[in-house]
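To start, the structure under review is shown below, and the notes come after it.
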Amino acid sequence: MATATTSAKVKWGFLDAVVVVFALIPVLWIASLSFKTTPTLTDGNFIPRDWTLDNYKLIFQTDQFVRALINSIGIALIATAIAVVLGTMAAYAISRLDFPGKSLLVGVSLLIAMFPQVSLVTPLFNIERNIGLFDTWLGLILPYITFALPLAIYTLSAFFKQIPWDLEKAAKMDGATQGEAFRKVIAPLAAPGVFTTAILVFIFCWNDFLFAISLTSTERSRTVPAALSFFTGASQFEDPTGAISAAAVVITIPIILFVLFFQRRIVAGLTSGAVKG
Amino acid sequence: MSISSTTPAASQAAEQQAVPRQRRRRAELSEGKKQERKLGWLLCAPAALVMVVVTAYPILYSFWLSLQRYDLKFPQDRQFIWFENYVTVLTNGYWWTAFGVTLLITVVSVAVELVLGMGLALIMHRTLVGRGLVRTSALIPYGIVTVVAAFSWRYAWTPGTGYLANLFAPEGAPLTERASALAIIILAEIWKTTPFMALLLMAGLALVPDDLLKAASMDGASWWQRFTKVMLPVMKPAILVALLFRTLDALRVFDNIYVLTNGANETSSVSMIAYNNLIKGLNLGIGSTMSVLIFLTVAIIAFIFVKLFGTAAPGASEEGRR
Amino acid sequence: MADIVLDKVTKSYPDGTVAVHGIDLEIADGEFIILVGPSGCGKSTTLNMIAGLEDITSGELRIGGQRVNDKAPKDRDIAMVFQSYALYPNMTVRENMAFPLKLAKLDKATINQKVEEAARVLELTDYLDRKPANLSGGQRQRVAMGRAIVRSPKAFLMDEPLSNLDAKLRVQMRTQVSRLQKQLGTTTVYVTHDQTEAMTLGDRVVVMRGGHIQQVGDPQTLYDNPVNLFVAGFIGSPAMNFLPAAVEDSMLRTPLGDLPLGDRMKRTLGAGDAPRQLIVGIRPEHFEDAKLIDEAQRAKGFEFTAPVDLVESMGSDKYVYFTVEGEHAAAADLEDLAADAGGADLPPQDSLVTRLSAESRVRDGADARVWLNLDKIHLFDPRDGKNITLHEGRAAGVAAS
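The structure is reproduced here in structure tokens:
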């Protein structure tokens, strides 16, 4: 392992390149479409011949997209915040405290992680219609929290289990109250895990399409993924391809940024949360 | 209701035994332990409450709705009809077509993902150059909004617009033919979720001790033998968990189909037709019936995984070891 | 500074297991006391109860005369050093040591002065601005000590503080801990499973087993006058030899030969309820090469011939292993000891460990004539493990009249 031969490096470099190309081509393609002018849109070229920002200008001038973007950001942020807070509490209890019903909770959240979301769509549609949550932010936030919680609980439990809990005892011996021990010693150590979990949960909420398209009906709470599918036909755009591509690129930007800056953490979060058994 | 095989007398006896034991336990609980329990429950309560209220209640409600004729277009016809909806759905060709399509997509995509994911996991784990770059690029399909990716594939395969259509099918319209459309849906699924599979497998790879591989090569094992005889057995739990997760996830396939074909040419999955029944048909009774059937299918498949392969659910196994 | 009193302190768990059975212990002000025993003996639980990290199920704990059962750890004014050191990884050495002072709301100048002083005592001045991750094991251990001493607490509690260090460093730190404790004169309760540490460090040693105190005493007393088989086998390295023995015609029949019994032992063993089967315990250093014994001593002892298994020359003396024919000594205590040591510290049962003078010329494979000191032999009752040679707390051998 110590010395890598050149041929080994070339071999791995080639494999790396295959992965990178495989992963990036669809993203580059939609970005390319978003920069194409209307006449060249259907030329089938991978790289635009004629570059333009018109598609972006267009979507930011329409209410349909801007509202959807605001909805997406707002709903995802709120759902993430709540899911992470609730998940942190539960994960702390699971990894740290001994109480009956713990394995039941773990089991239930595992079940929910595997739950077919479409099974909830019909009943939720009717329930939300009846209690006035249909087509509201809260109507989407609730199912998002529910399905993000198992993810949050698993990831955070895995992180929390790595914290040496002797530190808590040490802090108590050093004269800290339970609260001080948590705030000054445990919280700073838990922060990276919480942050990573927040990213994963945000990606999950940001990604959802099924709930967004079933539980909303107007711009009031429709998120970008749902709005994208409505650009077709009923909108003011004649050919929505350019606009859809531009909107798609816009909502991909946060994901790209997360991945670029927090690759290590996301990988750690996903791998530790999923299989540390 | 009762499926348990214990006789009433036996279970009663067990209960009687259990009661005093519990009481004694409670009496012996110290203040600190009690507080710990209370705190544990208190901290878990909100999460548990949300999860139960948003899933358990609707699924029960869904079962209740599925026993009724309930069409929002004809609300006055609402009527309790026992299992008639189930008969309607289960004797319907569309349902079984969708069911077949869902299974096909699931089996093919998960199988291909397992192979590709293993390769990707090996590359991410062992590559000598550009490990960060590979991991970062691999995360992009995982993170990207499925609908965005689906649009990218759709435009790529749209005649005239798309580079792939022009390259591979200059004559036809691949998204409008059933076989090629399904292939494209599977391709989109594989592209999107292989990295997730790879990450789960990579966690398993990390559990294979380097010394074990060195020992195996000292013993004269070839690369392939090291892979099959040393790595795979150690990784088995991780592989099973990854398969379980991805299988259940693939059964939910919706976004890609919605964007790529919108279910045309018999490419609907069960999620697709349940959605169509609800939003387009506004038929709550039938939609709920499908919801329940999908739920049962997933539950049965999960059960088979756990029973047959002994898949250790993450967390569950941790509890077991304690 | 304060004394610590445990009054019938018991710890039991919800599942019914009892970790500590009503122990009584008075720790004097300024005393360095060691709790020692195999894992699961209740020593750490006892320490945690003194710390306030675990509840006391029943009984009373007093620190400085005050009942503290219901006080939180922070209100007991005691400091603790953990086996894992429990250094806060996000804080520098300085911040780690200042943490308890900050919590006590001392002003900045005082905190600084105290931290600097502790750092000087522990030779940590150069490392004050490092994070724990960048320290060696020994340095981390010293930071943990520093965090305990900065606030001059009423007592120190140490939970196996040296067990994560390598052997050489452990010996070094042992003297440093001992010196520090003498210097500060603070009451210290120290938990370890290592009998060498217990013997070298403490003013007094408490040997625990299964949640009960077996014996409390200064190291020499425990070594010379163990009250039972367990203490006898646990204290001392290499461990005491145990052989089966039977009382016959006012002699003690052992695999080594028939040992004479003195009048006192005859009386004791003559009693109606006295055991017929016994276990003989002999420490390795109470054997000697018979050639090196002068006549005066020869009379006090017993001689036998046995084949030499192995000779280990330590320079200052020789460990000589002999094979012993016959049955093995059996008692519950011995099984406990063997289980704890994994057989490591105890000699294999069919072999006798002796410690002979360096001048001895015994060789592997040859037979050797060995003398043993009858005054130093212990006899144990295999039924309850009690040392029946103890007379008014002192072991007197088997031949005493």
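Chains as they are written, first to last, in full-length UniProt numbering: chain U, 1 to 277; chain S, 1 to 322; chain Y, 1 to 401.
C-beta atoms are modelled at their ideal positions from N, C-alpha and C, and glycine is treated no differently.
Practice task
Please report the residue range of the alpha helix (DSSP H) in which Gly217 (chain Y) lies.
Solution key: Boundaries for Gly217 (chain Y): no alpha helix (DSSP H) harbours it, while the beta strand (DSSP E) harbouring it runs His212 to Gly217, taken from the DSSP string.
Practice task
Have a look at Asn262 (chain S) and Asn55 (chain U) and give me their C-alpha separation to the nearest angstrom.
Solution key: Approximately 25 Å, taken between the alpha carbons.
Handout entry: Sequence ranges, alpha helix (DSSP H) only - wholly within the stretch 154 to 186 of chain Y, length at least 4
Key = Those alpha helix (DSSP H) runs which fall completely within the stretch 154 to 186 of chain Y and span 4+ residues are 167 to 184.
Handout entry: Straight-line gap, Pro116 (chain U) to Val19 (chain U) (C-alpha atoms, nearest Å)
Key = In this model, Pro116 (chain U) and Val19 (chain U) are separated by some 30 Å (Cα to Cα).
Exercise for the section: Quick one: using the 10 Å Cβ neighbour count with 16 as the cut-off for buried, is Val87 (chain S) buried or exposed? Expected result: Classification for Val87 (chain S): exposed.
Exercise for the section: Indicate whether at least one CB of chain U lies closer than 8 Å to the CB of Met197 (chain S). Expected result: Judged by the 8 Å Cβ criterion, Met197 (chain S) is not in contact with chain U.
Practice task
Determine, using beta carbons only, whether Tyr86 (chain S) comes closer than 8 Å to chain U.
Solution key: With 8 Å as the cut-off, Tyr86 (chain S) does not count as an interface residue toward chain U.
Problem - Through-space distance from Trp206 (chain U) to Thr136 (chain U), alpha-carbon basis - result: Their backbone Cα atoms lie some 16 Å apart in a straight line.
Handout entry: Cβ pair Met202 (chain S), Leu114 (chain S) closer than 8 Å
Key = No, the Cβ-Cβ distance between Met202 (chain S) and Leu114 (chain S) is not below 8 Å.
Problem - Boundaries (first-last residue) of the beta strand (DSSP E) holding Tyr13 (chain Y) - result: Judged by DSSP secondary structure, Tyr13 (chain Y) falls outside any beta strand (DSSP E); it is assigned neither H nor E.
Problem - Proximal residues, the stretch 166 to 177 of chain U versus chain Y, C-beta separation under 9 Å - result: Here the close residues are Asp166, Leu167, Glu168, Lys169, Ala170, Ala171, Lys172, Met173, Asp174, Gly175, Ala176 and Thr177.
Problem - Nearest-angstrom Cα separation, counted from Gly107 (chain U) out to Leu28 (chain U) - result: Computed Cα separation, rounded: 41 Å.
Problem - Residue-level contact to chain S via CB, Ala234 (chain U), 8 Å cutoff - result: With a pLDDT of 40 at Ala234 (chain U), under the threshold of 50, the predicted position of this residue should be treated as unreliable, though the coordinate-derived value follows. Chain S contact via Cβ: absent.
Exercise for the section: Spell out whether any CB of chain U is found under 8 Å from the CB atom of Asn265 (chain S). Expected result: For Asn265 (chain S), the answer is no, since every Cβ of chain U falls outside 8 Å of its Cβ.
Practice task
Verify the CB distance criterion: does residue 281 (chain U) have a CB-CB separation below 8 Å to chain S?
Solution key: What the structure shows of chain U is the stretch from 1 to 277, and residue 281 (chain U) is not part of that stretch, so it cannot be assessed.
Practice task
Quick one: list the residues of chain S neighbouring Ile251 (chain U), beta-carbon separation under 8 Å, in chain order.
Solution key: The contacting residues are Val145 and Val148.
Problem - Opening and closing residue of the alpha helix (DSSP H) in which Tyr70 (chain S) lies - result: Unbroken run through Tyr70 (chain S): none, as it is neither H nor E.
Exercise for the section: Could you check how far apart the C-beta atoms of Ala148 (chain U) and Ala68 (chain U) are, in whole angstroms? I think they sit under 8 Å. Expected result: About 20 Å separates the two Cβ atoms, so there is no contact after all.
Practice task
Buried or exposed for Thr17 (chain Y), please, with buried defined as at least 16 other CB atoms from any protein chain shown within 10 angstroms of its CB.
Solution key: That one is exposed.
Exercise for the section: Please go through the same chain and pick out, in chain order, the residues whose beta-carbon is closer than 7 Å to the beta-carbon of Gln68 (chain S), but skip the five residues on each side of it. Expected result: Arg78, Gln79, Phe80, Ile81 and Gly285.
Problem - Proximity to Phe231 (chain U) [Cα-Cα], best of U:Ala81, U:Leu58 and U:Leu156 - result: Closest by alpha carbon: U:Leu58.
Practice task
Using the DSSP secondary-structure output, state which residues sit across from Asn283 (chain S) in a beta bridge.
Solution key: Asn283 (chain S) pairs with S:Asp71.
Practice task
Compute the distance between the beta-carbons of Thr122 (chain U) and Ser288 (chain S), then report whether it is under 8 Å.
Solution key: For Thr122 (chain U) and Ser288 (chain S), yes; Cβs fall inside 8 Å.
Practice task
With a 10 Å radius around its C-beta and 16 neighbouring C-beta atoms as the bar for buried, classify Thr146 (chain U) as buried or exposed.
Solution key: Buried: at least 16 other Cβ atoms inside 10 Å.
Practice task
Using three-state DSSP, classify Ser58 (chain Y) as helix, strand or coil.
Solution key: The answer is strand: DSSP assigns Ser58 (chain Y) an E or B state.
Practice task
Check the Cβ-Cβ distances between Val185 (chain U) and every residue of chain Y, and say whether any is below 8 Å.
Solution key: Residue-level contact by beta carbon holds for Val185 (chain U) and chain Y, with a gap shorter than 8 Å.
Problem - Terminal residues of the alpha helix (DSSP H) in which Leu189 (chain U) lies - result: Its alpha helix (DSSP H) spans residues Ala187 to Asn207.
Practice task
Could you confirm whether any beta carbon from chain Y is found closer than 8 Å to the beta carbon of Pro143 (chain U)?
Solution key: Residue-level contact by beta carbon fails for Pro143 (chain U) and chain Y, as no gap is shorter than 8 Å.
Problem - Through-space distance from Ile111 (chain Y) to Glu36 (chain S), alpha-carbon basis - result: Distance between the alpha carbons of Glu36 (chain S) and Ile111 (chain Y) is about 34 Å.
Problem - Minimum Cβ-Cβ distance from Asn189 (chain U) to chain Y less than 8 Å - result: In the sequence on display, residue 189 (chain U) carries Leu and not Asn. Yes, contact with chain Y.
Exercise for the section: Indicate whether the contact test is met: 3 or more Cβ pairs, each with one atom in the stretch 151 to 167 of chain U and one in the stretch 180 to 195 of chain U, closer than 8 Å. Expected result: Cβ pair count under 8 Å is three or more, so yes.
Exercise for the section: Could you check what DSSP says for Trp153 (chain S) in three-state terms: helix, strand or coil? Expected result: In this structure, Trp153 (chain S) counts as helix in the three-state DSSP scheme.
Problem - Partners in chain U for Glu36 (chain S), counting only beta-carbon separations shorter than 8 Å - result: The CB of Glu36 (chain S) comes closer than 8 Å to the CB of Leu97, Asp98 and Phe99 in chain U, given here in chain order.
Practice task
Mind the definition here: the stretch 140 to 159 of chain Y touches the stretch 7 to 14 of chain Y only if three or more C-beta pairs lie below 8 Å; say whether that holds.
Solution key: No contact exists between the stretch 140 to 159 of chain Y and the stretch 7 to 14 of chain Y.
Handout entry: CA-to-CA distance, Ser237 (chain Y) to Met91 (chain Y), given in whole angstroms
Key = Their Cα atoms are separated by approximately 41 Å.
Practice task
Compare the beta carbon distance of Leu61 (chain Y) and Met80 (chain Y) with 8 Å and say whether it is the shorter of the two.
Solution key: With respect to the 8 Å criterion, Leu61 (chain Y) and Met80 (chain Y) are not classified as neighbours on the basis of their beta carbons.
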